[in-house]
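To keep things clear, I will list the structure first and then write my remarks on it.
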Amino acid sequence: MQDALRPRRKRDRLLVAGLAYRSGAGFASEACPEVAYACWDVLKVDNAAAHLSEETFVPACQFIGCRLEAGPVARPTTRPFIERFFLTLTDRMSRQVIGTTGRNPEDPAGQRGRRVPVEQLITLPELEELLDMTIANYHATPHDGLNGRTPLEALQLAIAHQQTAVRTLPQLLRARLHQLQPVHLCAIRGNLARGVAPYISLYGARYSNEVLQRTPGLSGEKIRVYPNPADMREAWAYLPNGAGLGRLAVLEGWRYSRHTLRLRRHILRQRRLGKLKFAGEQNPVQVTCP
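My numbering puts the sequence shown at residues -8 to 281.
Put into structure tokens, the structure is as follows:
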């Protein structure tokens, strides 16, 4: 959701050899600056188990100012545009990547993909770049359903004829997109007498920053913390009165490699099972993925 709200631009340079943006490629906020941080009024889900997670959707709906609409289970036709777009992404990109899992377990492409050696698989940064380019190029592709216009041209035309302004996120909230994530209440710990500066613990790691370390009087106070699930090296903290403590950085070995919340949880589980051992400045990600 953070990426859906945040303005996006084409990358200055592509690292993967052979990739290129086509003429006119780009993203909505590049073609129409007035839709930067545009908000939606309805958040549609397919009524599967995911919509039951209040900690995920309630904060997001309050932050954006939208309502949740749970549609019928396994009925993609109720969301035809996005489902058709996902199919286009699958055909044009996902199934073409070495190591693809295919559309389903019986897909021959997926069966071939499972036999690809690990060292030949695409990396996450490469996949993100490929996805970026594929979507930007799609935006510059004429569609019969748009009377031969590209999606960006159709958007520009719609904006030009719209009677009311697009609802966008208030300026104050634009720097707080991390508040779309589930909040964690964490106690500030530390012991100056023993030389331990204030910190908080989150998902098996310690986090702190200069502001926290300079305010030992907060020891024992519970603060609101929003981690970045895409890069668990950072989190944002707020006092109970709403005052911001800024960006917290993870300490010790966790800080060396970008890792997701999912990977953090996997690593911690492996350690609990006795399959991994690491401590202090040792990089847990490197221990897991040498």
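Note that beta-carbon positions come from the ideal geometry of N, C-alpha and C, so glycine has one too.
- With respect to the C-alpha of residue 4, the residue from 180, 258, 141, 117 having the closest C-alpha is 117.
- Under the DSSP assignment, residue 246 falls outside any alpha helix (DSSP H); it carries neither an H nor an E label.
- Beyond the five residues adjoining it in sequence on each side, residue 220 comes within less than 7 Å, by CB distance, of 172, 251, 252 in the same chain, given in chain order.
- Between residue 159 and residue 28, the C-beta spacing is below 8 Å.
- Contact between residue 85 and residue 91 holds, since their C-beta atoms are separated by about 6 Å, short of 8 Å.
- The C-alpha of residue 127 is placed about 7 Å away from the C-alpha of residue 1.
- Every alpha helix (DSSP H) stretch that sits fully inside the region 52 to 130 and reaches 4 residues is listed by chain position as 71 to 83, 99 to 104, 115 to 129.
- CA-to-CA, the gap between residue 134 and residue 48 works out to about 33 Å.
- Just so you know, the alpha carbons of residue 230 and residue 224 end up roughly 20 Å apart.
- Put simply, of 120, 15, 8 the residue whose alpha carbon is nearest the alpha carbon of residue 141 is 15.
- Between residue 120 and the set 243, 25, 12, the nearest pair of CA atoms involves 12.
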